[in-house]
Structures are given as structure tokens and as C-alpha cells.
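Numbering (the numbering used here), first residue to last: 1 to 253.
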């Protein structure tokens, strides 16, 4: 069942989103060659907890860290490690959630480590662009398929592939709520959008094939062909006045 939020609940989600977005900004400031993914995870956890919130991912279905940090051909759900050291030319995906006053924020970015290839930079840009293409379709009376179709069109128009095995979702009191929000689909199909919906829209985009697989650690997802992957996510709320992106702290990022 879809849980619609009232104005007070959306206000609480804006606060949770702010903490989530701030944690990502702090991580971005420390992404550089020689830093371990564990160091980034610690910075994220410290900020969330100092803000009076708790990391949404820590302990979720047994996940052992506060953020999912995935590098290069790792798509999502990478486990931070003191042994995973960032190198010049890497692209690192950082996915963060914060639970505050009864509600979650959920957001992810792909960050370049130093000088990266033009192809990697374009992948990051197209992934971000596809998110905003999807958000432009979030209007009362439209359908979930309109959102996925817009994302898919942006990605495939650039010659890349949308990951279809993993999708976006509703978010609120629970980290994952109804409805599912695929990053692909047919316009005019699916659940009808209405005010009070809060969604995590999160395109995952591969340079190569859409095919992915999960590592034996039970979490980390990689591209089947070893190609680079990017991830961009924000929590959004659809209100009678339009869309609020609760986790977007830096409007240019």
C-alpha cells in the first residue's frame, strides 16, 4: 500500500533529506586518491549521528556499514573497507540514508577521483541528466511509467544501458515502500502519481550491457561485462505545489 504523506510528514522528510545530503557533501570533500572507502563511511556515519539521526543502511538486512560505496564497475551496494583505496581515475558511487524524526532520506552520487576519462565524465553527466528527466515527469495525474520512460529515453539516447534488475522505490517511515519506481517503462502505464507521494528515484547506468551480478559477499553488484557504472539518486516529494527534492543540498550536484 502506498503511504501518502501530509505536509507535516513531508516537512520531517525534508529534515531527514537535509542530513542525508549534507553527509554526501562531506564525503565529496574527502574523495581523493589514497582515501579508503571505510574512511568515507566513517565520516558519513559521524555526521549523521552528530545531527541526531541514525544511518538508514547500518544493519539494514544485515548490511555492515552506514553507506554503500561502489567503485568503477561496481554498480551499487559496495561494502566500505579499509583495504579498498581510491585511485586516480576511479569513479566512486556513494549511497547514503539518514533516519530522522521517523522518516528516511535516501540519496546517491557518483564522484570522480581526480582526473578521469571523458567517457566516465559523460557517463556521470548522463546519469544525473536522466534523473532530472524522470523528475520532470513527476506530476499529479501522470504515471510511474512516464517517469521510467523519461529516464530510459535519456540514457539510451546517449548510447548507455539502464540497469533493470534494481529500481527506485517509495520512501518514508520505511526505507523501502510502495510503489516500485523502475528506471524504464512505458509512458502512460503503471501507478498514477498524486500529491503526498514520496519517492527515491535512482537511475543506475552502465556504459556497456545492462547485465549485472552479485558478488559472494551477498551485497556488491557489478556489471557483467566489467564496464563502468554510475548512480544518481534523490528523495522527492510530490506536493500540490509541485516537486520538492528533499536531499538536493547543492543545486548543481
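Cβ atoms here follow ideal geometry from the backbone N, Cα and C, with glycine treated the same way.
Computed from a predicted model, the values in this text were never measured in an experiment.
- Look at residue 155 here: in three-state DSSP terms it is helix.
- In the DSSP assignment, residue 26 forms no beta bridge with any residue.
- Remark: C-beta atoms of residue 107 and residue 220 do not approach each other more closely than 8 Å.
- Fully contained in the region 162 to 220 are the following beta strand (DSSP E) runs of length 3 or more, in chain order: 168 to 170, 177 to 181, 198 to 201, 204 to 206 and 212 to 214.
- Ranked by Cα distance from residue 183, the first of 157, 131 and 47 is 131.
- Judged by DSSP secondary structure, residue 241 falls outside any beta strand (DSSP E); it is assigned neither H nor E.
- Residue environment: residue 25 is assigned as exposed (fewer than 16 neighbouring CB atoms within 10 Å of its CB, all protein chains considered).
- Around the beta carbon of residue 6, fewer than 16 other beta carbons sit within 10 angstroms, so the residue counts as exposed.
- In the three-state reduction of the DSSP assignment, residue 100 falls in the strand class, which pools E and B.
- The shortest CA-to-CA distance from residue 58 to any of 50, 41, 235 and 51 is the one to 41.
- Exposed is the label assigned to residue 186, since fewer than 16 other Cβ atoms lie within 10 Å of its Cβ.
- Distance from residue 229 to residue 73 at the Cβ level is roughly 6 Å; contact confirmed, criterion being Cβ atoms closer than 8 Å.
- In the assembly as shown, residue 8 is an exposed residue. Its beta-carbon has fewer than 16 other beta-carbons within 10 Å.
- The criterion of a C-beta distance shorter than 8 Å is not satisfied by residue 249 and residue 227.
- By alpha-carbon distance to residue 173, the top candidate from 200, 159 and 68 is 200.
- No Cβ-Cβ contact shorter than 8 Å links residue 85 with residue 67.
- For residue 81, the secondary structure class from DSSP, reduced to helix, strand or coil, is coil.
- Burial check for residue 233: the Cβ neighbour count within 10 Å reaches 16 or more, so the residue is buried.
- Inter-residue distance for residue 83 and residue 179 is about 37 Å (C-alpha atoms, whole angstroms).
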